[in-house]
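See structure below.
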Amino acid sequence: MALKIVKGSIDRMFDKNLQDLVRGIRNHKEDEAKYISTCIDEIKQELKQDNIAVKANAVCKLTYLQMLGYDVSWAAFNIVEVMSSSKFTYKRIGYLAASQCFHESTDVIMLTTNQIRKDLSSPNQYDTGVALTGLSCFVTPDLARDLANDIMTLMSHTKPYIRKKAVLIMYKVFLKYPESLRPAFPRLKEKLEDPDPGVQSAAVNVICELARRNPKNYLSLAPLFFKLMTSSTNNWVLIKIIKLFGALTPLEPRLGKKLIEPLTNLIHSTSAMSLLYECVNTVIAVLISLSSGMPNHSASIQLCVQKLRILIEDSDQNLKYLGLLAMSKILKTHPKSVQSHKDLILQCLDDKDESIRLRALDLLYGMVSKKNLMEIVKKLMLHVDKAEGTTYRDELLTKIIDICSQSNYQYITNFEWYISILVELTRLEGTRHGHLIASQMLDVAIRVKAIRAFAVAQMATLLDNAHLLTGNTQRNGICEVLYAAAWICGEFSEHLEDPMATLEAMLRPKVATLPGHIQAVYVQNAAKLFATVLRGQEGVPADSTVAQETSQLLIDRLPLFVQSSNLEVQERASCILQLVKYIQKLQQKDVEVAEEVTALFAGELNPVAPKAQKKVPVPEGLDLDAWINEPPSGSESEDEGRKSKGKAVFAKEESRHTKPRYTEVDEKELAKRREVRKAEQANNPFYIKASPSSQKVYQDGVGVEHIPVVQIDLSVPLKVPGMPMSDQYVKLEEERREKNKADKKKKDKKQRREKGEKGRRRRGDSGPESEEDITPAHMVDIVTEEMPENALPSDDDDKDPNDPHKALNIDLDNLLAASRRPLADSEKKLPVRSHRPDEVLKSPMEDGQGVEVAPEPKKKTGKEKKEKKKTKDKDRKKSKEEKKKKKHKQEEGEDLMGAGSEEPIQPEETKGVAAPPPASTPEASDLDFWLSNAPVPSNPQAAAEAEDPTKMVSGVAAVAPDSEPEEAKDTEPEETKSSKHKKKKKQKKEEKKKKHHHHHNHSDGAGDESVQNGTVEEEEPLPPMSNYALLAENSYIKMMKQDADKVCDIQGNLQDGSQVVVSIIFENKCDSFIKSMEFNVLDSLNSKLQRPDGAGPHDGLNVPFQLPPGISNEARFIFSVQSIVMPQKLKGTLTFIVKTDDSSTHEKLDFKLHFTCTSYLITTPCYSDAYSKLLESGDLKGSSLKLEGVNQPFHHLLARICFHHHFSVVERIDSCASMYSRSVQGHHVCLLVKTADQTVSIDAKCDEPGLLGNVLDEIKLTFSQC
Amino acid sequence: MIKFLLMVNKQGQTRLSKYYERVDIGKRPFLEADVVKGCLSRKKEECSFVEYKDFKLVYRQYAALFIVVGISDTENELSIYELVHNFVEVLDKYFSHSELDIMLNLDKVHIILDEMIQNGHIVETNKNRILAPLLALDQMSEPH
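Sequences listed follow chains A and B, in order.
Numbering-wise (this note's numbering), the first sequence opens with residue 4 and increments by one.
Numbering-wise (this note's numbering), the second sequence opens with residue 66 and increments by one.
Below you can see the structure in the form of structure tokens.
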């Protein structure tokens, strides 16, 4: 029996799965909480059992309860248990629960590391997948550090699903463990070209997100993304990429120019609204960053605006909303384009959707001009009346004020109108923005002197009607306006017509219901009014009764305020009351008091910049944090009060009474009072409070920063009888404008004079021309606000220090270079580049060894170099830097090329030749080149290449920016520095003759310039070295062969041969058009010209371009070479047609191609220890060479060897250097170069003596020639 | 980026929630209620984007079910709007898509969602690829 019960209850527990729970909750609507708490008890029981199935079920239910808002953190350990189940169905539940419940501070996460690692390496791809997905939700810095290596390995998993997940989770790993970015990035970049579209888009995703946060480090990826953008069809991916470009363009405006075309194409062609919207947004961003006007950009803006108009006109509210949103971005830079759609935007103000109305309001901000401000505001005022919700009405109110006050009241021509608008706005009930209106009133009244009389009159009326405002109790924010009204009336009381009446209005008993801070202002300003009344009466001795009546009025009314619970009010009232009583006594004795009383409030307000206080530099030796006197306990509040006083702007109004009675109370009482006063201060406008929120409220009020000196020439009567209606002013303003127009001729002279003065002022400079005619009735002159002397420059840094992406600001262009230095312990765990199967550049020893070994020696040499550097002259220093740069570039090149294309390195020449300034680092010039070319190349071959940006990039710097992309492919980046240089000169000459481009690529001025700037002559210049040698020439055409042929090794593809790429420049020397060029070479046994499939062994190759007169262009030809030990000479012929206007003739030119052994060498860096191992190995055979009478500096000598013979310097000590190079077929060539007394001795070693002998002969030849 | 995705019914009950930016579990119900209120109160003819505090909500209604996505302002609103539809289509393809299905198969909905959104970014939109792991899972459990 008992057994049965137990069994039954177990059954029940088993039975209640998630579905039962869900149904149960539905069935217990009345006592849901109670039901759930019993369920939780059950779950706790279930979790205690050993059965994993029961546990998983319980965890599953917990996940649901967690979603309903129940805390389930107590079950964290059970979740880990379920996660480690071997059955996928349970494991999945565990991971799901973990991803929903765990966060960084969940301590059991520590326990999961090994489990997750096990799951990651599970043979079941779904185990791995679920672990990766879960990890992305709860990865901690520790987990990221421990698992980065595992995840990175998964990025090369055979299953695309795993690769994709691994790539995605890497993003989270980077965020949590930024050190992993550097080593992981190359692999991540590879994934951009993963064959699986899912993996590819995941990589795009991750890189785009990284790049958007730190765009400058990713500029060099622009070509790659550009290719993806033009080839991808996945809209979501496209959106990502386009967004990324939006982030990159501000850093590289030329990128923007390049983008405009494809983006506009997309805008025209896409049917996906989201993509269209993204394109428009990015075009806008691009155009903003391209602010310097290119004429055709107005077309792009027009296109955007048109498209947006279509969106706004659409019946779909979503499109309408987004259209307006995007429009507001255009507004900032191209207000005129938007202004022409004013009709549409005003129409949107009437939309039934509040979001849309709000967006339309945003736009209005930029649409106003002097001309239409009144009209627009009038329309908005109508909306204010109609508006139903208070939020929208408040929004309208702030927008009206924003619109009117923007750019220092730039568009307001009539301030009476504006004051009336403000007064009308006070009729709004229940608005939160009373203080905003108040601050505007204060601002205008203080800064526009001419308006004061009018403002004071209006404010007096407001005060008189105060019952309207106070009617709605304190919660009504609008009563804040009275604060401004009372202050204005008091401060400028000399303008009051009937100060007595205003005084009476301010002392009405109802005032006591206002908030304390307003009452305080009332009391204070009543005193000011009192002074004014006295002064007004003084001149008329007969009528001293009025003055006495005024005193009496104050004495009668002030006691009400003395009783106020608000300390500020009380203090001021009692003080003033005593003062008035005393004055009354004097009055009764007929003493003249007016002058003394007025003196209490004498003085003019000066403008103080809002930041002035902050900018006062701390005097030397002053420690603001140090106590002057050790504080008695609990005096902080006192101190705070003092501090805040210092910040108060209206300093003269501060109450500084220190009442003697306070001194005698005990400590407790003191503390209590302090509290009260603190509260008091919180409500007092003249104290700047510590809390930022309350400070903000009054910042505007105090924002009299630009207190103006106003010049006014009133042509309109200021007074309008009765309550002001802004409409009246609209009418008056129109009349005034008419009148002004008529008077204009008369005033012409006068205005010209005025204009001279205006030079100093900012005024209406961006308004349309027609506005020039409207002269404002009042002018707001901007006086530079007062700033403390030697104020510190602004150093506002808005960057969020907590931004996790900050740590990811890693210069990835230098990434591989940096990865050569020894890795930190943690970094070592991450496999660096070991994934790169076909590395083009290998240090000789690196071939056989792990990559991790290599970094160490590199660092050593680097250090040595550094040490040496100090002693070397400046010149050399530069070249060292060059070298470093080149190293980056090498790796960059290698990196971009991935496996196996040509080898872009032969940068040594820069050492001696012109060293480009840092600005044109190889990466930059790569990008420069790419940016300076048109996106669509002119012929199919070029097109094919353009589609492969990796190739393009590898070759980018290769060609002078004005030559064509087809040659770009694989000339060497650095080399071109000089060839570029040379070509430039030539080009320049020729451009004078004829400025014509047969390829439509627009050669980019900026690109040219940067190159020119890049070639800065050094102090001790080397004679320019060129690797282009004249090949053949006749009266029609000149062929230049690149002396140092580009050699490329394709070990994987050709077993017994190598490829040599020959770049030839063809230059048209005649005045006729040259076309149909055919290049042919008589093959030898050893060397063959590579011809397309199907061509016979004697067929020529078409040169893929034509040459207009005076133009040169470069073409590349590939030869396959069997043996590289011997130099080769090949005979060849170029045939072409010379086309003149009336005839065309066939011509031919014979030439000989000379393949030196040097051309088979590849500049390869080598580390000194690898080098010494190589020498020690004994495989190499030696040879030596002596050169007499060489009187060049040693570094020139080295530079020549590097440049002409493709060596790299391994180490250099004084006048001795070791150099290294490697042939395409893997022969090592080592040189030891020494110099003494014009004699250079070269000891060389190589594993192929024939090759070595020939190379040495060639080196000898090089030096005999110079 | 996507900050969270919610599925709520017309009564404002959360049927699914997924956060991509950490929100305290204690604060979630409050946030959800607030967000849902903002969306439910809107009329049909109003646009589907709501500015909420410092981020935006994109919502779509399917019968009695609302899907609300909270996004940062750098996200493309329309693409999220389309994503929501894509998500629903995937759910439709797998379930018959009623509120009850989603409640009863919460874990599977999560699997789908995890395939589509990760780290707060859209990562997959191809329906077949999204459903592949789920179908594999079903095959795995069928023999039992």
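C-beta: ideal position from N, C-alpha, C; glycine also.
Because the structure is a prediction, the values reported are computed rather than measured.
Could you check whether the Cβ of A/Val207 sits closer than 8 Å to any Cβ belonging to chain B? Walking along the first sequence from the start, residue 207 of chain A turns up at place 204. In terms of beta-carbon proximity, A/Val207 stays away from the interface with chain B, with every pair separated by 8 Å or more.
In chain A, which residues lie with their C-beta within 7 Å of the C-beta of B/Glu168? Your numbering for residue 168 of chain B matches position 103 in the second sequence. Inspection of the sequence shows that residue 168 of chain B is occupied by Met rather than by Glu. What B/Met168 touches in chain A: Val25.
On the DSSP letters alone, give me the boundaries of the beta strand (DSSP E) that A/His1149 sits inside. One-based indexing of the first sequence puts residue 1149 of chain A at position 1146. Looking at the DSSP string, the run of the beta strand (DSSP E) that includes A/His1149 is Ser1147 to Phe1158.
My parser needs the alpha helix (DSSP H) runs of 4 or more residues fully inside the stretch 79-125 of chain B; what are they? 93-105
Inspect the beta-carbon positions of A/Gln128 and A/Lys162 and report whether they are closer than 8 Å. Here residue 128 of chain A refers to the residue found at position 125 when the first sequence is read from its first residue. Here residue 162 of chain A refers to the residue found at position 159 when the first sequence is read from its first residue. Result yes, Cβ atoms of A/Gln128 and A/Lys162 sit closer than 8 Å.
Return the chain-ordered list of same chain residues with a C-beta closer than 7 Å to the C-beta of A/Trp490, the five sequence neighbours on each side being excluded. Taking the first residue of the first sequence as position 1, residue 490 of chain A is located at position 487. Only Leu445, Val524 and Asn528 meet the Cβ criterion.
Anything in chain B within Cβ reach of A/Ser277, meaning under 7 Å, just list it in chain order. In the first sequence, residue 277 of chain A corresponds to position 274, counting from 1. Contact note: A/Ser277 reaches chain B through Asn141, Leu143, Ser144 and Glu147, using a C-beta cutoff of 7 Å and chain order.
Any residues in the stretch 168-189 of chain B with a beta carbon nearer than 7 Å to a beta carbon of chain A? Which ones, in chain order? Met168, Leu169, Leu171, Asp172, His175, Asp179, Gln183, Asn184, His186, Ile187, Val188 and Glu189
Under 8 Å, Cβ to Cβ, is there at least one residue of chain A near B/Phe152? Here residue 152 of chain B corresponds to residue number 87 of the second sequence, with the count starting at 1. Taking Cβ atoms only, chain A never reaches closer than 8 Å to B/Phe152, which makes this a no.
Given A/Asp149, which residues of its chain have a CB within under 8 Å of its CB, disregarding the five upstream and five downstream residues? Numbered from 1 along the first sequence, position 146 holds the residue referred to as residue 149 of chain A. So the list reads Thr116 and Arg120, once near-sequence residues are dropped.
Can you find at least 3 beta carbon pairs, one from the stretch 105-115 of chain A and one from the stretch 132-143 of chain A, that sit closer than 8 Å? Taking 8 Å as the limit for Cβ pairs, the verdict is that the stretch 132-143 of chain A does touch the stretch 105-115 of chain A.
Quick test of the definition: if touching needs 3 or more C-beta pairs under 8 Å, does the stretch 249-259 of chain A touch the stretch 281-289 of chain A? yes
Would you mind listing the alpha helix (DSSP H) stretches within the stretch 389-419 of chain A that are 4+ residues and don't spill past its ends, in chain order? 393-412
Between A/Lys19 and A/Glu45, which are expected to be in contact by the criterion C-beta below 8 Å, what is the C-beta distance as a whole number of angstroms? For the purposes of this step, residue 19 of chain A is taken as the residue at position 16 of the first sequence. For the purposes of this step, residue 45 of chain A is taken as the residue at position 42 of the first sequence. With a Cβ gap of about 7 Å, A/Lys19 and A/Glu45 count as contacting.
Within this structure, are the beta carbons of A/Phe1108 and A/Asn1116 separated by less than 8 Å? Position 1105 of the first sequence, counted from the first residue, corresponds to residue 1108 of chain A. Position 1113 of the first sequence, counted from the first residue, corresponds to residue 1116 of chain A. In this structure, A/Asn1116 lies closer than 8 Å to A/Phe1108 by Cβ.
When you compare each of A/Ile1127, A/Ile333, A/Gln69 and A/Asn1257 to A/Met370 by their alpha carbons, which one comes out closest? Taking the first residue of the first sequence as 1, we reach residue 370 of chain A at position 367. If we check each option's Cα against that of A/Met370, A/Ile333 comes out closest.
Members of the stretch 131-162 of chain A near chain B, C-beta cut-off 7 Å: Correct list: Gly132, Thr136 and Ser139.
For chain B, is any of its Cβ atoms less than 8 Å away from the one on A/Tyr421? Residue numbering aside, residue 421 of chain A sits at position 418 when the first sequence is read from its first letter. Chain B, which has no Cβ nearer than 8 Å to the Cβ of A/Tyr421, makes this no.
Taking a contact to mean a Cβ-Cβ separation below 8 Å, would you say B/Arg80 touches B/Met181 in this structure? Taking the second sequence and counting its residues from 1, one reaches residue 80 of chain B at position 15. Taking the second sequence and counting its residues from 1, one reaches residue 181 of chain B at position 116. Not a contact, by the Cβ cut-off of 8 Å.
Kindly indicate if chain B contains any beta-carbon less than 8 Å away from that of A/Ser696. Locating residue 696 of chain A in the first sequence gives position 693, counting from the first residue. Model confidence at A/Ser696 stands at a pLDDT of 39, short of 50, so the residue's coordinates are unreliable and nothing is read from them.
Measure the alpha-carbon distance for A/Glu391 versus A/Asp626 and round it to whole angstroms. Within the first sequence, residue 391 of chain A is the residue found at index 388, counting from 1. Within the first sequence, residue 626 of chain A is the residue found at index 623, counting from 1. Straight-line Cα distance between these residues: approximately 55 Å.
Residues that A/Gln22 contacts on chain B, provided the C-beta gap is smaller than 7 Å: For the purposes of this step, residue 22 of chain A is taken as the residue at position 19 of the first sequence. Simply Leu169.
A/Lys1132 and A/Lys1151: beta carbons closer than 8 Å? What you label residue 1132 of chain A is simply residue 1129 of the first sequence in a count that begins at 1. What you label residue 1151 of chain A is simply residue 1148 of the first sequence in a count that begins at 1. At least 8 Å separates the beta-carbon of A/Lys1132 from that of A/Lys1151.
Under the rule that 16 or more other beta-carbon atoms within 10 Å means buried, what is B/Lys68, buried or exposed? Counted from its first residue, the second sequence places residue 68 of chain B at position 3. That one is buried.
Determine the contact status of A/Tyr368 and A/Gln320, defining contact as a CB-CB distance below 8 Å. As a first step, residue 368 of chain A is located in the first sequence; it is residue number 365 there, counting from the start. As a first step, residue 320 of chain A is located in the first sequence; it is residue number 317 there, counting from the start. No.
Spatial neighbours of A/Ile82 in its chain, beta-carbon cut-off 7 Å, leaving aside the 5 residues before and after: Position 79 of the first sequence, counted from the start, is the residue given in the question as residue 82 of chain A. Excluding residues within five positions, the ones whose Cβ falls inside 7 Å are Val62, Gly97, Ala100, Ala101 and Cys104.
Cβ neighbours of A/Leu1234 in the same chain (closer than 6 Å, five flanking residues each side left out): Working through the first sequence from its first residue, we reach residue 1234 of chain A at position 1231. Result list for A/Leu1234: Met1222, Ile1245 and Ala1247, in chain order.
Measuring alpha carbon to alpha carbon, tell me which of A/Pro181, A/Arg1119, A/Val611 and A/Ser1186 ends up nearest A/Gly1253. Within the first sequence, numbered from 1, the residue matching residue 1253 of chain A stands at position 1250. Measuring from the Cα of A/Gly1253, the nearest candidate turns out to be A/Ser1186.
To the nearest angstrom, how far is the alpha carbon of A/Leu608 from that of A/Ile440? In the first sequence, counting from the first residue as 1, residue 608 of chain A sits at position 605. In the first sequence, counting from the first residue as 1, residue 440 of chain A sits at position 437. Distance between the alpha carbons of A/Leu608 and A/Ile440 is about 21 Å.
Can you check whether the CB of A/Gly72 is closer than 8 Å to the CB of B/Arg211? Within the shown structure, residues of chain B are numbered from 66 to 209, placing residue 211 of chain B beyond reach of any answer.
A/Asn1116 lies in the beta strand (DSSP E); which residues open and close that run? By one-based count along the first sequence, residue 1116 of chain A stands at place 1113. Taken as a continuous stretch (DSSP letters only), the beta strand (DSSP E) holding A/Asn1116 covers Ser1115 to Val1124.
What residues from chain A crowd round B/Phe114, counting only those whose CB sits closer than 7 Å? In the second sequence, residue 114 of chain B corresponds to position 49, counting from 1. Under the 7 Å cutoff, chain A gives Asn321, Tyr324 and Ser358.
Could you please give the first and the last residue of the uninterrupted beta strand (DSSP E) stretch that includes B/Phe160? Numbered from its first residue, the second sequence carries residue 160 of chain B at position 95. Neither: B/Phe160 is in no beta strand (DSSP E) and is coded neither H nor E.
Quick one: list the residues of chain B neighbouring A/Tyr174, beta-carbon separation under 7 Å, in chain order. On the first sequence, position 171 is the one that residue 174 of chain A refers to. Within chain B, the residues near A/Tyr174 are Asn184.
Run through chain B and tell me which residues come within less than 9 Å of A/Lys355, C-beta to C-beta. As a position in the first sequence, residue 355 of chain A is number 352, starting the count at 1. Those within 9 Å of A/Lys355 in chain B are Lys108, Glu110 and Glu111.
Touching or not, the stretch 514-524 of chain A and the stretch 559-570 of chain A, by the rule of three or more beta carbon pairs under 8 Å? Three or more beta-carbon pairs separated by less than 8 Å link the stretch 514-524 of chain A to the stretch 559-570 of chain A, which places the two stretches in contact.
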